[in-house]
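Here is the structure we will look at, set down as structure tokens.
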Amino acid sequence: MKQYRWVSLGCGDIAQQIAQAMEQKNTTLYGVANRTYEKAIAFAEKYHIPKVYKKIEDVFTDDDVDVVYIATPHNTHISYILEALKHGKHVLCEKSITLNSQELMQAVELAKEKNLVLAEAMTIYHMPLYKKLSQIIKTGKLGELRFIQMNFGCYKEYDRTNRFFNPNLAGGALLDIGVYALSFVRWFMTETPNQIVSQVKLAPTGVDEQVGILLMNEKQEMATVSLSLRAKQPKRGMVAFEKGYIEIYNYPRGKEAVITYTDSSEKEVIQEQDSVLALCYEVNDMEQMIAQGNPFGSENPMHLDYTIDVMNIMTKLRNDWGLKYPEEE
Ligand SMILES: NC(=O)c1ccc[n+]([C@@H]2O[C@H](COP(=O)([O-])OP(=O)(O)OC[C@H]3O[C@@H](n4cnc5c(N)ncnc54)[C@H](OP(=O)(O)O)[C@@H]3O)[C@@H](O)[C@H]2O)c1
2 MKQYRWVSLG CGDIAQQIAQ AMEQKNTTLY GVANRTYEKA IAFAEKYHIP KVYKKIEDVF
62 TDDDVDVVYI ATPHNTHISY ILEALKHGKH VLCEKSITLN SQELMQAVEL AKEKNLVLAE
122 AMTIYHMPLY KKLSQIIKTG KLGELRFIQM NFGCYKEYDR TNRFFNPNLA GGALLDIGVY
182 ALSFVRWFMT ETPNQIVSQV KLAPTGVDEQ VGILLMNEKQ EMATVSLSLR AKQPKRGMVA
242 FEKGYIEIYN YPRGKEAVIT YTDSSEKEVI QEQDSVLALC YEVNDMEQMI AQGNPFGSEN
302 PMHLDYTIDV MNIMTKLRND WGLKYPEEE
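Its first residue numbered 2, the sequence shown is counted upward by one per residue in the numbering used here.
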């Protein structure tokens with residue numbers, strides 16, 4: 002496969018992880034650009050990255066760049082996505098890919114027009130464990146899907162300046178952790194949910210700090226999602242079928258699931274490769290998708306279709322709550 006030239010916009014926590022993923026693949030990012038130039042220099046030295054751009058904008062006009070990886074705050078994503086696509090670059094953007102569906106569909110239309118891959122960096126869609134579970138479900142031995150339970154919670158001190166509670170950085174539980182929970186739900190549901198109700202508790206900054214969501218689709222498959230930025234919860238997913246249920250812990254990068262078969266109470270442990278390689282799987286799927294040369298064909302290992310469904314749900318929920326970010330006023 003061609004050696005694609007990746008550039009990271011941003012060099013914070015998750016950008017470090019993509020740089021490490023490249024090392025695990027025995028390669029390196031081609032370049033890095035960051036709001037604070039000095040940090041980009043240090044990042045490039047640490048990960049042996051050949052090119053450091055003076056300004057983020059210089060990445061888009063560099064003809065040698067194939068893929069732009071966006072690892073900056075949520076509310077900066079859309080402008081970088083559009084610039085990258087306009088200049089013919091494929092885009093892998095950190096979650097949440099955009100603030101709302103309107104922004105996402107603008108990006109999708111441009112990606113279609115330019116025949117480029119546009120994807121959200123959602124580890125769940127790339128972990129071998131999830132692919133294996135899908136195969137097991139497809140055999141039919143668990144019967145029909147009935148119910149999904151999904152929890153995600155962490156305790157964060159109120160701090161207006163960090164992205165968790167800051168509306169100016171598009172903070173809140175939904176865009177920060179809810180996007181994982183809803184992506185998990187979407188992976189297992191056979192159709193997107195179209196009936197959605199919720200309850201929300203807002204933080205003093207006005208963003209959502211705790212959320213309960215109940216979802217159902219046309220096939221009457223149901224899910225509950227509980228999110229909190231103010232209480233630790235196990236990152237636990239449970240998927241219940243007629244003939245058994247699946248439990249997955251640490252689900253965004255899960256490597257082990259336990260299936261309990263209802264009739265016999267027999268348990269089957271499914272173990273897949275190490276979660277340390279989570280971002281490698283994501284990069285591999287992205288490169289495979291680019292190499293396919295058909296970004297909007299029927300085979301999409303990046304699952305832009307699910308990304309669109311999840312963004313539609315999050316947009317509807319925030320509309321229900323009247324929660325708008327400054328960019329949306
Ligand atoms: N951390 C994780 O585990 C994780 C996991 C998955 C996804 N994500 C997602 O990845 C993105 C970044 O998260 P992070 O945890 O890596 O954040 P982080 O460590 O705070 O790093 C943020 C990066 O964005 C840059 N930045 C901040 N404000 C900016 C602005 N207004 N314009 C342009 N660049 C700006 C920062 O540049 P400076 O150096 O100049 O401050 C820094 O390089 C978010 O969308 C997040 O949801 C994070």
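Note that CB positions come from ideal geometry on N, CA and C, so glycine has one too.
What are the partner residues of residue i, as DSSP defines its beta bridges?
i	result
C94	I71, E121
Q211	K202, S229
Q272	E257
A241	F148, Y246
M217	Q196, M223
F1	Given a span of 2 to 330 for the chain in the structure shown, any question on residue 1 remains unanswerable.
Y262	G245
K52	G32
L10	A34, I71
Q234	G154
According to the neighbour-count rule (16 or more other Cβ atoms, all chains shown, within 10 Å of its Cβ), is residue i buried or exposed?
i	result
S199	buried
G294	exposed
K256	buried
A120	buried
P253	buried
N320	exposed
F185	buried
P296	buried
G1	Within the shown structure, residues of the chain are numbered from 2 to 330, placing residue 1 beyond reach of any answer.
H49	exposed
S135	exposed
N35	buried
A292	exposed
V277	exposed
Y326	buried
P194	buried
Y282	buried
Of the residues the options, which one's Cα is nearest the Cα of residue i?
i	options	result
V270	G13, L130, F61	L130
M290	H91, Q211, G245, F148	H91
A45	N76, S265, W322, S9	S9
M312	K55, L83, L93, S97	S97
M128	D275, W322, N76, E328	D275
E158	T206, I314, L278, Q103	T206
E222	D177, Q234, V240	V240
G144	M2, G13, I314, D264	D264
Y156	L228, P302, K47, K139	L228
What do you reckon, are the CB atoms on residue i and residue j nearer than 7 Å?
i	j	result
G11	A72	yes
I79	T99	yes
E192	E219	yes
N167	T316	no
A22	L280	yes
Y262	G238	no
G179	A232	no
D209	A174	yes
I19	Y70	yes
A258	I149	no
F242	L146	yes
R165	L230	Looking at the sequence itself, residue 165 is Phe, so the reference to Arg does not match. Taking 7 Å as the Cβ cut-off, F165 and L230 qualify as a contacting pair.
D310	R187	yes
H304	L176	no
If you measure from the beta carbon of residue i to each beta carbon in chain D, is any gap under 7 Å?
i	result
K56	No chain D is present in this structure, which holds just one protein chain.
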